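S.K.: Those protein sequences? They're chains A and B, same order as listed.
Those letters in the first sequence? Residues 1 to 288, per the UniProt record's numbering, in order.
Those letters in the second sequence? Residues 1 to 288, per the UniProt record's numbering, in order.
Would you mind keeping the following structure in view while I ask a few things?
2 protein chains.
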Amino acid sequence: PASLLHRRAIKRWFSGRGGDSLVVMETRHLETGDPEPPELPRGSEVLTLYSMLYCPYAQRTRLVLQHKQLPHRVINVNLVRKPDWFLARAPLPSAKVPIIELPGDEKLRLADSLITCEFLEEAFAGATSNGTDGDLMPSMGTPGAPRLRAAQRQTISRNDAMISAFYRWALKKDEPAEERELLWDRLLWQLRNLQADLRDGGFFGGARAQLADFMVWPWIERLPPLMQHYCLPPRLPDSLGHLSAWSEAMSETEPVRATRLPDWAHLAFVESHWRREPRYDFLENRED
Amino acid sequence: PASLLHRRAIKRWFSGRGGDSLVVMETRHLETGDPEPPELPRGSEVLTLYSMLYCPYAQRTRLVLQHKQLPHRVINVNLVRKPDWFLARAPLPSAKVPIIELPGDEKLRLADSLITCEFLEEAFAGATSNGTDGDLMPSMGTPGAPRLRAAQRQTISRNDAMISAFYRWALKKDEPAEERELLWDRLLWQLRNLQADLRDGGFFGGARAQLADFMVWPWIERLPPLMQHYCLPPRLPDSLGHLSAWSEAMSETEPVRATRLPDWAHLAFVESHWRREPRYDFLENRED
Numbered sequence: 001p002a003s004l005l006h007r008r009a010i011k012r013w014f015s016g017r018g019g020d021s022l023v024v025m026e027t028r029h030l031e032t033g034d035p036e037p038p039e040l041p042r043g044s045e046v047l048t049l050y051s052m053l054y055c056p057y058a059q060r061t062r063l064v065l066q067h068k069q070l071p072h073r074v075i076n077v078n079l080v081r082k083p084d085w086f087l088a089r090a091p092l093p094s095a096k097v098p099i100i101e102l103p104g105d106e107k108l109r110l111a112d113s114l115i116t117c118e119f120l121e122e123a124f125a126g127a128t129s130n131g132t133d134g135d136l137m138p139s140m141g142t143p144g145a146p147r148l149r150a151a152q153r154q155t156i157s158r159n160d161a162m163i164s165a166f167y168r169w170a171l172k173k174d175e176p177a178e179e180r181e182l183l184w185d186r187l188l189w190q191l192r193n194l195q196a197d198l199r200d201g202g203f204f205g206g207a208r209a210q211l212a213d214f215m216v217w218p219w220i221e222r223l224p225p226l227m228q229h230y231c232l233p234p235r236l237p238d239s240l241g242h243l244s245a246w247s248e249a250m251s252e253t254e255p256v257r258a259t260r261l262p263d264w265a266h267l268a269f270v271e272s273h274w275r276r277e278p279r280y281d282f283l284e285n286r287e288d
Numbered sequence: 001p002a003s004l005l006h007r008r009a010i011k012r013w014f015s016g017r018g019g020d021s022l023v024v025m026e027t028r029h030l031e032t033g034d035p036e037p038p039e040l041p042r043g044s045e046v047l048t049l050y051s052m053l054y055c056p057y058a059q060r061t062r063l064v065l066q067h068k069q070l071p072h073r074v075i076n077v078n079l080v081r082k083p084d085w086f087l088a089r090a091p092l093p094s095a096k097v098p099i100i101e102l103p104g105d106e107k108l109r110l111a112d113s114l115i116t117c118e119f120l121e122e123a124f125a126g127a128t129s130n131g132t133d134g135d136l137m138p139s140m141g142t143p144g145a146p147r148l149r150a151a152q153r154q155t156i157s158r159n160d161a162m163i164s165a166f167y168r169w170a171l172k173k174d175e176p177a178e179e180r181e182l183l184w185d186r187l188l189w190q191l192r193n194l195q196a197d198l199r200d201g202g203f204f205g206g207a208r209a210q211l212a213d214f215m216v217w218p219w220i221e222r223l224p225p226l227m228q229h230y231c232l233p234p235r236l237p238d239s240l241g242h243l244s245a246w247s248e249a250m251s252e253t254e255p256v257r258a259t260r261l262p263d264w265a266h267l268a269f270v271e272s273h274w275r276r277e278p279r280y281d282f283l284e285n286r287e288d
């Protein structure tokens with residue numbers, strides 16, 4: 001039904017950035033009582049992503065879908081009032097996004113951002129539909145592949161520690177200033193630690209953006225709006241120069257251009273989340 | 001120096017179970033002030049595992065080393081008083097075990113149980129030195145491999161939720177009885193949830209034990225001694241019949257036989273840990 005559809009005013013933010021044509025449909029954030037989205041036509045090869053527009057973990061999967069040029073539909077879910085049919089479909093009881101669902105009768109569903117991304121990497125190996133290299137890890141069997149693949153996974157693990165520090169800093173909004181500064185210093189330490197994995201040439205994965213780069217990106221995208229909220233200078237300190245250069249380079253990649261949201265949108269969403277009234281769909285009603 | 005060596009009285013527990021010949025050396029639990037273990041001879045192909053004898057995460061890596069029949073030395077580390085040279089070698093600032101170190105001049109070091117196990121899987125693919133199938137995941141390129149590999153990863157993710165429930169139950173030893181029962185019920189729920197991933201034929205990974213099975217095992221090994229400690233009946237409820245059958249089958253595999261510790265040893269270690277005086281090396285001095 002048309003009422004399920006996201007009106008895609010949001011589309012304007014992505015317009016001219018490529019990649020949007022891969023999203024064959026995107027719903028507003030469906031909640032308890034909303035009907036199930038219709039089945040895909042028989043024989044469709046479109047993947048389904050259960051997502052939430054502001055979720056950094058779900059963005060990981062969107063980045064990989066974009067990199068691999070895979071047509072997909074996005075079913076956005078209200079995470080406070082999850083629809084019953086969504087709960088019934090979730091592979092893990094925690095029922096978090098992202099979840100990907102394969103087309104066809106079997107409808108294999110996978111949860112967890114890394115599991116979905118590694119599955120897409122393995123199931124859709126090789127060139128993309130537009131002829132570019134779609135691989136996000138060195139293929140098994142190429143020289144040094146096990147070490148290079150392990151190095152990317154080690155970066156992703158290091159990023160997990162950064163994510164913890166990120167949320168301890170970002171979510172403690174009512175802490176005294178000294179406590180905030182301590183948490184900020186700890187986050188900077190984790191960022192420097194993460195930065196140590198950057199390769200000569202710029203990216204975590206090597207000479208071009210690969211799996212580790214896309215797994216790290218969503219939190220780096222959210223850093224400037226939160227720094228702005230906390231009245232910090234808008235630039236990272238000089239000690240994070242390599243990470244800043246990486247961030248600039250990532251901003252130019254097609255998957256980031258196709259999935260990135262403007263700083264003000266991240267901030268408006270986070271502030272609504274802090275008021276315990278997350279506004280998932282405000283972008284679609286915005287007129288400017 | 002000989003003083004670094006574990007006296008390997010513990011060896012008796014494994015004797016006749018195979019696999020022990022793969023451990024070319026095992027130290028006692030080295031602590032602050034203990035000298036660095038000597039370098040391996042040039043050209044050695046022996047892997048190094050930094051470990052702690054009772055750590056379930058480190059056991060994951062030991063299980064994979066055993067399955068793949070890879071000769072390795074084990075440097076055990078006192079996790080309360082970590083040696084400086086260990087801290088300097090750890091790839092992640094958290095400096096947890098397991099860590100594997102590759103032989104050779106480069107000495108690549110990897111931390112995190114899953115990362116070490118996936119690296120070993122990829123770097124040592126194919127048949128083992130005794131001719132058996134060493135692969136722990138269906139090889140990329142074989143039919144259905146991406147789905148089967150993703151299914152194993154989903155099981156490992158489900159096991160993460162079980163591990164959380166396991167420790168909430170096991171470590172809350174001073175809670176009132178009703179609270180303990182609630183935590184036990186939640187653990188049983190997670191175990192049933194995990195059990196739902198068992199395949200026809202018995203194992204999580206398919207017809208034989210594979211990666212997911214070995215990643216789950218260490219916590220199942222530790223369940224009976226903890227149940228005993230809390231005066232629970234020694235058997236899992238009938239609703240976990242398939243998991244009990246899996247546990248029996250796992251007990252017969254070579255890697256489990258080669259790494260398993262007796263229930264009383266697990267319990268004695270955990271009780272020393274609860275007293276905040278973990279006794280890492282009591283097994284080697286035991287006379288019986």
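Each residue gets a CB set at the ideal place from its N, CA and C atoms; glycine is no exception.
Fair warning: this is a prediction, and the values are worked out from it, not measured in the lab.
1) Name, in chain order, the residues that DSSP records as bridge partners for Asp133 (chain A).
2) Assuming His266 (chain A) contacts Tyr54 (chain A) under a Cβ cut-off of 8 Å, what Cβ separation, rounded to an integer in Å, is found between them?
3) Quick check: what's the CA-CA separation for Pro138 (chain B) versus Ile156 (chain B)?
4) Any beta carbon from chain B within less than 8 Å of Met140 (chain A)'s own beta carbon?
5) What would DSSP say about His229 (chain A), mapped onto helix, strand or coil?
6) Using DSSP with H/G/I as helix, E/B as strand and the rest coil, what is Thr48 (chain A)?
7) Please determine, among B:Thr132, B:Asp105, B:Leu63, the residue with the shortest C-alpha to C-alpha distance to Pro98 (chain B).
8) Identify every residue that forms a DSSP beta bridge with Leu259 (chain B).
9) What does DSSP give as the partner residue(s) for Met25 (chain B) in the beta ladder?
10) Report buried or exposed for Tyr50 (chain A), applying the criterion of at least 16 other Cβ atoms within 10 angstroms of its Cβ.
11) Quick one, are the C-beta atoms of Pro103 (chain B) and Ser44 (chain B) less than 8 Å apart?
12) Where do the N-terminal and C-terminal ends of the alpha helix (DSSP H) with Arg89 (chain A) fall, by residue?
13) What is the DSSP secondary structure of Glu101 (chain B), counted as helix, strand or coil?
14) Please list the terminal residues of the continuous beta strand (DSSP E) segment that includes Arg109 (chain B).
15) Near Arg109 (chain B), what residues of its chain come up, given a Cβ to Cβ distance below 8 Å and the 5 sequence neighbours on each side ignored?
16) Check whether the segment 221–231 of chain A touches the segment 256–273 of chain A, taking contact to mean three or more Cβ pairs, one atom from each stretch, closer than 8 Å.
17) Cutting at 8 Å between CB atoms, please list the residues of its own chain near Leu187 (chain B), excluding the five before and the five after it.
18) Classify Ser239 (chain B): buried if its beta carbon has 16 or more other beta carbons within 10 angstroms, exposed otherwise.
19) For Thr132 (chain A), does the count of other Cβ atoms within 10 angstroms reach 16, so buried, or fall short, so exposed?
20) Would the C-beta of Leu148 (chain A) count as close to the ligand ATP, meaning under 7 Å from any of its heavy atoms?
21) Looking at chain B, is there any beta carbon in it that lies within less than 8 Å of the beta carbon of Pro143 (chain A)?
22) Along chain A, in chain order, which residues have C-beta atoms closer than 7 Å to that of Pro91 (chain B)?
23) Would you verify that the beta carbon of Arg158 (chain B) is, or is not, closer than 8 Å to some beta carbon of chain A?
24) Is there a Cβ of chain B sitting closer than 8 Å to that of Asp112 (chain A), yes or no?
25) Does the beta-carbon of Val80 (chain A) have 16 or more other beta-carbons within 10 angstroms, so that it is buried, or is it exposed?
26) Use the C-beta contact count for Val216 (chain B): other C-beta atoms within 10 angstroms, 16 or more gives buried, fewer gives exposed.
27) With DSSP collapsed to three states, give me the class of Ser15 (chain A).
28) Measuring straight from C-alpha to C-alpha, what distance separates Arg178 (chain B) and Lys172 (chain B)?
29) Just how far apart, CA to CA, sit Thr116 (chain A) and Gly205 (chain B)?
30) Which residues in the same chain as Glu287 (chain B) place their Cβ atom closer than 6 Å to its Cβ, once the five residues preceding and following it in sequence are excluded?
31) I need the straight-line Cα distance from Arg279 (chain A) to Glu181 (chain B), nearest angstrom please.
32) According to DSSP, is residue 358 (chain B) part of a helix, a strand, or is it coil?
33) When you compare each of A:Val24, A:Thr142, A:Pro83, A:Ala249 to His72 (chain A) by their alpha carbons, which one comes out closest?
34) Taking DSSP as the reference, what is the three-state secondary structure of Asp200 (chain B)?
35) Anything in chain B within Cβ reach of Leu188 (chain A), meaning under 7 Å, just list it in chain order.
M.R.: So, to answer that:
1) Working through the first sequence from its first residue, we reach residue 133 (chain A) at position 133. Residue pairing for Asp133 (chain A): DSSP places it in a beta bridge opposite A:Ala127.
2) The count along the first sequence starts at 1 and reaches residue 266 (chain A) at position 266. The count along the first sequence starts at 1 and reaches residue 54 (chain A) at position 54. So it is a contact: roughly 7 Å between Cβ atoms.
3) The residue you call residue 138 (chain B) lines up with position 138 of the second sequence. The residue you call residue 156 (chain B) lines up with position 156 of the second sequence. Looking at the two C-alpha atoms, the distance is approximately 16 Å.
4) On the first sequence, position 140 is the one that residue 140 (chain A) refers to. Output row for Met140 (chain A): interface = yes.
5) Here residue 229 (chain A) refers to the residue found at position 229 of the first sequence. His229 (chain A) falls in the helix class under three-state DSSP.
6) The residue given as residue 48 (chain A) occupies position 48 in the first sequence. Of the three classes helix, strand and coil, the one that applies to Thr48 (chain A) here is strand, per DSSP.
7) If you number the second sequence from 1, residue 98 (chain B) lands on position 98. Checking every option, the nearest Cα to that of Pro98 (chain B) belongs to B:Leu63.
8) Reading the second sequence from its first residue, position 259 is the one you call residue 259 (chain B). The residue asked about is misnamed: residue 259 (chain B) is Thr in this sequence, not Leu. Beta-bridge partners of Thr259 (chain B) (DSSP): none assigned.
9) Residue mapping note: residue 25 (chain B) aligns to position 25 of the second sequence, counting from 1. For Met25 (chain B), the beta-bridge partners assigned by DSSP are B:Arg73.
10) Stepping through the first sequence from its first residue, residue 50 (chain A) is reached at position 50. By the Cβ neighbour-count rule, Tyr50 (chain A) is buried, with 16 or more other Cβ atoms within 10 Å of its own.
11) The residue given as residue 103 (chain B) occupies position 103 in the second sequence. The residue given as residue 44 (chain B) occupies position 44 in the second sequence. One thing to note: Pro103 (chain B) has its Cβ within 8 Å of the Cβ of Ser44 (chain B).
12) Within the first sequence, numbered from 1, the residue matching residue 89 (chain A) stands at position 89. Arg89 (chain A): member of the alpha helix (DSSP H) spanning 84–89, first to last residue.
13) The residue given as residue 101 (chain B) occupies position 101 in the second sequence. In the three-state DSSP reduction, Glu101 (chain B) falls in the strand class (E or B).
14) As a position in the second sequence, residue 109 (chain B) is number 109, starting the count at 1. In the DSSP assignment, Arg109 (chain B) falls within the unbroken beta strand (DSSP E) covering 109–111.
15) Numbered from its first residue, the second sequence carries residue 109 (chain B) at position 109. Within the same chain, Arg109 (chain B) has close Cβ partners Arg89, Ala90, Pro91, Ile99, Ile100, Glu101, Leu102.
16) By the Cβ test, the segment 221–231 of chain A is in contact with the segment 256–273 of chain A, since at least three Cβ pairs between them sit closer than 8 Å.
17) Numbered from its first residue, the second sequence carries residue 187 (chain B) at position 187. Once the five neighbours on either side are set aside, the close Cβ partners of Leu187 (chain B) are Met162, Ala165, Phe166, Arg168, Trp169.
18) Within the second sequence, numbered from 1, the residue matching residue 239 (chain B) stands at position 239. Residue burial is scored here from C-beta neighbours: Ser239 (chain B) has fewer than 16 other C-beta atoms within 10 angstroms and is therefore classed as exposed.
19) Counting from one through the first sequence, the residue named residue 132 (chain A) turns up at place 132. By the neighbour-count rule (16 or more Cβ atoms within 10 Å), Thr132 (chain A) is not buried but exposed.
20) No copy of the ligand ATP occurs in the structure displayed, which carries no ligand at all.
21) Taking the first residue of the first sequence as position 1, residue 143 (chain A) is located at position 143. So, not an interface residue.
22) One-based indexing of the second sequence puts residue 91 (chain B) at position 91. What Pro91 (chain B) touches in chain A: Gln154.
23) Within the second sequence, the letter at position 158 stands for residue 158 (chain B). For Arg158 (chain B), a Cβ of chain A is located within less than 8 Å of the residue's own Cβ.
24) Counting from one through the first sequence, the residue named residue 112 (chain A) turns up at place 112. Using beta-carbon distances, Asp112 (chain A) counts as an interface residue toward chain B, with a partner under 8 Å.
25) Locating residue 80 (chain A) in the first sequence gives position 80, counting from the first residue. Classification for Val80 (chain A): exposed.
26) Position 216 of the second sequence, counted from the start, is the residue given in the question as residue 216 (chain B). Result: buried.
27) Counting from 1 along the first sequence, the entry for residue 15 (chain A) is found at position 15. At Ser15 (chain A) the pLDDT is 44, less than 50, meaning the model places this residue with poor confidence and gives no usable figure here.
28) The count along the second sequence starts at 1 and reaches residue 178 (chain B) at position 178. The count along the second sequence starts at 1 and reaches residue 172 (chain B) at position 172. The displayed chain sequence assigns Glu, not Arg, to residue 178 (chain B). Between Glu178 (chain B) and Lys172 (chain B), the C-alpha separation is close to 12 Å.
29) Residue mapping note: residue 116 (chain A) aligns to position 116 of the first sequence, counting from 1. Residue mapping note: residue 205 (chain B) aligns to position 205 of the second sequence, counting from 1. Taking the CA atoms as reference points, Thr116 (chain A) sits about 18 Å from Gly205 (chain B).
30) By one-based count along the second sequence, residue 287 (chain B) stands at place 287. Reliability of the predicted coordinates at Glu287 (chain B) is poor, the pLDDT of 48 falling under 50, and no value is obtained from them.
31) As a first step, residue 279 (chain A) is located in the first sequence; it is residue number 279 there, counting from the start. As a first step, residue 181 (chain B) is located in the second sequence; it is residue number 181 there, counting from the start. For Arg279 (chain A) and Glu181 (chain B), the distance between alpha carbons rounds to 39 Å.
32) Residue 358 (chain B) lies beyond the residue range present for chain B, which begins at 1 and ends at 288; the question has no answer from this structure.
33) The residue you call residue 72 (chain A) lines up with position 72 of the first sequence. Closest by alpha carbon: A:Val24.
34) As a working note, residue 200 (chain B) is residue 200 in the second sequence. In the structure shown, the three-state DSSP call for Asp200 (chain B) is coil.
35) The residue given as residue 188 (chain A) occupies position 188 in the first sequence. Here the premise fails: no neighbours, minimum Cβ distance about 14 Å.
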